[in-house]
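Residue 160 in this note's numbering is what sits at position 171 of the sequence shown, and the numbering runs on without skipping anything. By construction, the Cβ of each residue, glycine as well, lies at the ideal position given by its N, Cα and C atoms. Note sheet for the following structure.
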Amino acid sequence: MDPVDDAHIDAFFEKFTLRQMIIIPLVVFAVSLLILAGTTLSVGVPVKLGMEFLGGSAMTIDTEDSISSLQQVFSDYPLHSVREHGNRKLLQFEPMSQEEQMTLVNLAVERYGAENIEIRQVGEVFGKSQQIRALQALVIAFVLMAGVVFVIFRRIIPAITVIFAGFADIIFATAMMNVFGLRLTFGTLAALLMLIGYAVDTNLLLTNRVLKRRGDPMRQIKGAMKTGLMMTSTTLAALLVLFIISTLSYHLVSGFTRIDIVSEIALVLIFGLLADMMNTWMLNTGILRRYVIPTLSGRGGRRR
């Protein structure tokens, strides 16, 4: 049985009015912005930064203590992460004062012995100037995408909607990173950038079907929806399996280790794709039906 058949799509359109299809994603977007604003007020940035952006200290300990035990031992220090590193444990700490650094070293030496620990300073890989340039590049990318979409469809409302939907996907995924305690690392940053392409793809699929093909616009929307939801559902299933394997496999197989970067990438992509389903098939569809399709009908249904 097809999980995305015409009956399910018809039931979806009967359940939500056009107003609801537009307002619900906008409310979710507003809540996401509030979460990011709250994080900014508390820590100074919209999302907590990882070691690549902050720098700090890395400590390798030769011990059989569990990860939870190590987290408890060093709970008074800005511990960023703990993971297994071969037969040893790798602890990463955020930047701290020289006094805190000395007490940390003394605690580690006293508890595990100087011969069993190795400490090194880790500088930030992605400096503030590079962060600013990356943000500027992201803004330029969105502006250029808006220009390309406008050239393709020659309509301002679809162009703005496509870009806003992609932006809303990233905002939601970033807000969920704060809710679930994920930090901005190279891995999560890559996942956020991947969402740009995926979000634009699904929205272009929908908008192209409506504006470029002849025939009943609602039929085109339903056809695009079936294709898009199947694409997103299969991707979500693969990401869910990837998340489970990278997060839980080490509990089942002793030789496996937890792969945090893969787990974080999968989780961020899951957040983004869930938002993309809402922003594409509710927000974009609602705007097209309310503001764009009536103008097409007024010209006798002709398509460029």
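**Request:** Grab the span of the beta strand (DSSP E) containing Gly45 for me, first residue to last.
**Result:** Boundaries of the beta strand (DSSP E) around Gly45: 45 to 50.
**Request:** Check whether the Cβ atoms of Met48 and Ile146 lie closer than 8 angstroms to each other.
**Result:** The answer is no: Cβ separation not under 8 angstroms.
**Prompt:** Identify the residues that DSSP records as bridge partners of Val34: which are they?
**Reply:** Val34 is not bridged to any residue.
**Item:** Touching by the beta-carbon criterion (3+ pairs, under 8 angstroms), the stretch 115 to 134 and the stretch 63 to 77
**Value:** Taking 8 angstroms as the limit for Cβ pairs, the verdict is that the stretch 63 to 77 does not touch the stretch 115 to 134.
**Request:** Between the Cα of Ile248 and those of Arg72, Ile56, Thr6, spot the shortest distance and give me the residue it belongs to.
**Result:** Looking from the CA of Ile248, the closest CA among Arg72, Ile56, Thr6 belongs to Arg72.
**Asked** How is the beta strand (DSSP E) around Val111 delimited, first residue to last?
**Response** Where Val111 is concerned, the enclosing beta strand (DSSP E) starts and stops at 106 to 111.
**Request:** Along the alpha helix (DSSP H) that carries Arg100, what are the first and last residues, could you check?
**Result:** Looking at the DSSP string, the run of the alpha helix (DSSP H) that includes Arg100 is 87 to 101.
**Request:** Identify every residue that forms a DSSP beta bridge with Val71.
**Result:** Looking at the DSSP output, Val71 shares a beta bridge with Leu80.
**Asked** Beta-carbon separation of Leu258 and Leu228 under 8 angstroms?
**Response** Yes, the Cβ-Cβ distance between Leu258 and Leu228 is below 8 angstroms.
**Message:** Could you compute how far the alpha carbon of Val128 sits from the alpha carbon of Arg100?
**Reply:** Note on geometry: alpha-carbon atoms of Val128 and Arg100 lie some 49 angstroms from one another.
**Prompt:** With DSSP run on the structure shown, which of helix, strand or coil describes Leu277?
**Reply:** Leu277 falls in the helix class under three-state DSSP.
**Item:** Simplified DSSP assignment, three categories, for Leu373
**Value:** Nothing about residue 373 can be reported from this structure: the residues present for the chain run from -10 to 293 only.
**Prompt:** Do Gly45 and Val111 have their CB atoms nearer than 8 angstroms?
**Reply:** Cβ distance < 8 angstroms, so Gly45 and Val111 count as in contact.
**Prompt:** Hey, is the stretch 182 to 191 in contact with the stretch 51 to 68, meaning 3+ C-beta pairs nearer than 8 angstroms?
**Reply:** With a cut-off of 8 angstroms, the stretch 51 to 68 and the stretch 182 to 191 do not count as touching, because too few Cβ pairs lie within range.
**Asked** Quick one: any contact between the stretch 228 to 237 and the stretch 146 to 162, if contact means 3 or more CB pairs under 8 angstroms?
**Response** Three or more beta-carbon pairs separated by less than 8 angstroms are not found between the stretch 228 to 237 and the stretch 146 to 162, which leaves the two stretches without contact.
**Prompt:** How do the stretch 220 to 227 and the stretch 254 to 269 stand: do at least 3 beta-carbon pairs fall below 8 angstroms, yes or no?
**Reply:** A contact exists between the stretch 220 to 227 and the stretch 254 to 269.
**Request:** Tell me whether Pro283 is buried or exposed, calling it buried when 16 or more other Cβ atoms sit within 10 Å of its Cβ.
**Result:** Per the 10 Å Cβ criterion, exposed.
**Prompt:** Between the beta-carbon of Phe139 and the beta-carbon of Leu200, is there less than 8 angstroms?
**Reply:** Leu200 is positioned such that its CB atom lies no closer than 8 angstroms to that of Phe139.
**Request:** Would you decide whether Glu253 is buried or exposed? Buried here means 16 or more other CB atoms lie within 10 Å of its CB.
**Result:** Counting Cβ neighbours within 10 Å, Glu253 comes out buried, since at least 16 surround it.
**Message:** On the criterion of 16 or more Cβ atoms from any shown chain inside 10 Å, does Ser57 qualify as buried, or is it exposed?
**Reply:** Ser57 should be labelled exposed.
**Message:** Just to confirm the assignment, what range does the alpha helix (DSSP H) spanning Phe161 have?
**Reply:** From DSSP, the alpha helix (DSSP H) with Phe161 extends over 145 to 168.
**Asked** Does DSSP put Ser64 in a helix, a strand or coil?
**Response** Three-state DSSP puts Ser64 in coil, outside helix and strand.
**Asked** Span of the alpha helix (DSSP H) holding Ile254?
**Response** Here the alpha helix (DSSP H) through Ile254 covers 249 to 267.
**Asked** For the candidate residues Ala162, Leu237, Leu195, Thr274, whose alpha-carbon lies nearest to that of Met183?
**Response** Nearest of Ala162, Leu237, Leu195, Thr274 to Met183, Cα basis: Ala162.
**Prompt:** Thinking C-beta only, is Trp270 closer than 8 angstroms to Met214?
**Reply:** In this structure, the beta-carbon distance from Met214 to Trp270 falls below 8 angstroms.
**Request:** Pull up the distance between the alpha-carbon of His69 and that of Phe82, whole angstroms please.
**Result:** Inter-residue distance for His69 and Phe82 is about 5 angstroms (C-alpha atoms, whole angstroms).
**Prompt:** Among residues of its own chain, excluding the 5 on either side of Thr29, which ones have a beta-carbon nearer than 7 angstroms to its beta-carbon?
**Reply:** Pro35.
**Prompt:** In angstroms, rounded to a whole number, what distance separates the CA positions of Ser21 and Asn95?
**Reply:** Spanning the two alpha carbons is a distance of roughly 42 angstroms.
**Request:** Could you check if Val132 is buried or exposed, using at least 16 other CB atoms within 10 Å of its CB as the buried criterion?
**Result:** Answer is exposed; the Cβ neighbour count stays below 16.
**Item:** Three-way DSSP call (helix, strand, coil) for Arg208 in this model
**Value:** Secondary structure of Arg208 (DSSP, three-state): helix.
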